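Q: Structure provided below as structure tokens; questions to follow.
Residue numbers (my numbering): -9 to 315.
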């Protein structure tokens, strides 16, 4: 999808080396009716990740709503002397990856700088950091009374199995996204053995997982992605999951529908509790129809082949700064 999203809508600003997107590649406003807003897209400039097309998808969607988008990936060399040009941007979208937050990478430092200098952020730095650590996310939601599968830090529970006798639990890392390193386990011993494998891999340069979490298992749920702000929510995009599978698969949503009122309310609460402006959230629906908060993503991708998704996230983002409709 990345190559399809990139197009002649990209030009280069030679003086800064930063990519500037407009709907037609000239820097002029796009197809929408909004007044022009220049958006700083805080996003890594790593060529491999740029190849995924997330930045170009955001740029195209925002340009179609009349915005101009500038990709900014690090502090400029002279900002320590003169400060950043904060009047240049009306909004910053902080697409800071989990691994970047964990490493205190340039994108996270840039987000903190822009926020402290008064540039409106779509998701605050606190929201970016909190949503990068699933243990912190679950603790915040628990404090706000948001229904979710209960989670425990494996390192802090001793030999106690939090579930009932014979009940299995989900083992997952506090860091990492994309449903990586998730297992269904039946005992403390099994969970600790898997965590030991994680730590051995980390010691040889493997992906940093963070705390090992044991989480209540919701059997055979429907898994739904929604894009939500504290006061609005997208349609529900149900993910593909094979019967018996612990994680979903693929990037095509087999069912898309208007979110039921209870699900929509939960999605909004998930974002609001984290202090977010617009996030991609995952909700589980169990066999009894009850909805459970699973995950929130401050940096999220959307389907570039679905114009409605791009339109929703772009309009929701621009609405956060009061851009005129």
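We treat Cβ as the ideally placed atom computed from N, Cα and C, and that holds for glycine.
Everything numeric in this text was worked out from a predicted model, so none of it was measured.
To the nearest angstrom, how far is it from the Cα of residue 48 to the Cα of residue 310?
A: For this step, residue 48 is matched to residue 58 along the chain shown. For this step, residue 310 is matched to residue 320 along the chain shown. Answer to the nearest angstrom: the Cα atoms are 15 Å apart.
Q: Taking the beta strand (DSSP E) that residue 106 falls in, what are its first and last residues?
A: In the chain shown, counting from the first residue as 1, residue 106 sits at position 116. Not the beta strand (DSSP E): residue 106 falls in the alpha helix (DSSP H), residues 96 to 106.
Q: Please check the pair residue 289 and residue 87, which I expect to be a contact at CB under 8 Å, by giving their CB distance rounded to whole angstroms.
A: Residue numbering aside, residue 289 sits at position 299 when the chain shown is read from its first letter. Residue numbering aside, residue 87 sits at position 97 when the chain shown is read from its first letter. The pair is a contact, with the Cβ atoms about 6 Å apart (cut-off 8 Å).
Q: Which runs of the beta strand (DSSP E) at least 3 residues long sit entirely within the segment 144 to 195? Give them in chain order.
A: Correct list: 159 to 163 and 173 to 175.
Q: Could you spell out the range, first to last residue, of the beta strand (DSSP E) harbouring residue 227?
A: Working through the chain shown from its first residue, we reach residue 227 at position 237. Looking at the DSSP string, the run of the beta strand (DSSP E) that includes residue 227 is 226 to 228.
Q: Return the Cβ separation of residue 218 and residue 271 in integer angstroms, given the expectation that the two are a contact with Cβ distance under 8 Å.
A: In the chain shown, counting from the first residue as 1, residue 218 sits at position 228. In the chain shown, counting from the first residue as 1, residue 271 sits at position 281. Contact flag correct, Cβ pair sits at about 5 Å.
Q: Distance, Cα to Cα, residue 211 vs residue 172?
A: As a first step, residue 211 must be located in the chain shown, where it is residue number 221. As a first step, residue 172 must be located in the chain shown, where it is residue number 182. Distance between the alpha carbons of residue 211 and residue 172: 16 Å.
Q: Between the C-alpha atoms of residue 143 and residue 255, what's the straight-line distance to the nearest angstrom?
A: Looking up residue 143 in the chain shown gives position 153. Looking up residue 255 in the chain shown gives position 265. C-alpha separation (whole angstroms): 28 Å.
Q: Is it a yes or a no for the segment 145 to 157 touching the segment 108 to 126, going by three-plus beta-carbon pairs under 8 Å?
A: The answer is no - the segment 108 to 126 does not touch the segment 145 to 157, with fewer than three Cβ pairs under 8 Å.
Q: Check whether the Cβ atoms of residue 83 and residue 112 sit closer than 8 Å, and answer yes or no.
A: Position 93 of the chain shown holds residue 83. Position 122 of the chain shown holds residue 112. Yes, the Cβ-Cβ distance between residue 83 and residue 112 is below 8 Å.
Q: Counting only beta-carbon atoms, is residue 265 nearer than 8 Å to chain D?
A: Any reference to chain D falls outside this structure, which holds one protein chain only.
Q: Going by beta carbon distance, what residues of the same chain come within less than 7 Å of residue 78, once the five residues before and after it are set aside?
A: For the purposes of this step, residue 78 is taken as residue 88 along the chain shown, with counting starting at 1. Closer than 7 Å at Cβ, skipping near neighbours: 28.
Q: Would you decide whether residue 242 is buried or exposed? Buried here means 16 or more other CB atoms lie within 10 Å of its CB.
A: Here residue 242 refers to the residue found at position 252 of the chain shown. When all chains shown are included, residue 242 counts as exposed.
Q: Assuming residue 104 and residue 30 make a contact with CB atoms under 8 Å, what is their CB distance in whole Å?
A: Counted from its first residue, the chain shown places residue 104 at position 114. Counted from its first residue, the chain shown places residue 30 at position 40. Between residue 30 and residue 104 the Cβ distance is about 7 Å, and since that is below 8 Å, they are a contact.
Q: Using alpha carbons as the reference points, say which of 261, 91 and 32 lies closest to residue 167.
A: On the chain shown, position 177 is the one that residue 167 refers to. Closest by alpha carbon: 91.
Q: Taking DSSP as the reference, what is the three-state secondary structure of residue 130?
A: Within the chain shown, the letter at position 140 stands for residue 130. Of the three classes helix, strand and coil, the one that applies to residue 130 here is helix, per DSSP.
Q: Taking one C-beta from the segment 185 to 205 and one from the segment 261 to 275 each time, how about it: are there three or more such pairs within less than 8 Å?
A: Verdict: no, contact absent.
Q: If you draw a straight line from the C-alpha of residue 137 to the C-alpha of residue 64, how long is it?
A: Residue mapping note: residue 137 aligns to position 147 of the chain shown, counting from 1. Residue mapping note: residue 64 aligns to position 74 of the chain shown, counting from 1. Rounded to whole angstroms, residue 137 to residue 64 spans 38 Å at the Cα level.
Q: Looking at the secondary structure, which residues open and close the beta strand (DSSP E) in which residue 207 lies?
A: Translated into the one-based positions of the chain shown, residue 207 becomes position 217. Here residue 207 belongs to no beta strand (DSSP E), and DSSP marks it neither H nor E.
Q: Cutting at 7 Å between CB atoms, please list the residues of its own chain near residue 215, excluding the five before and the five after it.
A: Walking along the chain shown from the start, residue 215 turns up at place 225. Result list for residue 215: 227, 229, 270 and 272, in chain order.
Q: Distance check for residue 206 and residue 159, CA to CA, integer angstroms please.
A: Against the chain shown, residue 159 aligns to sequence position 169. Against the chain shown, residue 206 aligns to sequence position 216. Distance between the alpha carbons of residue 159 and residue 206 is about 5 Å.
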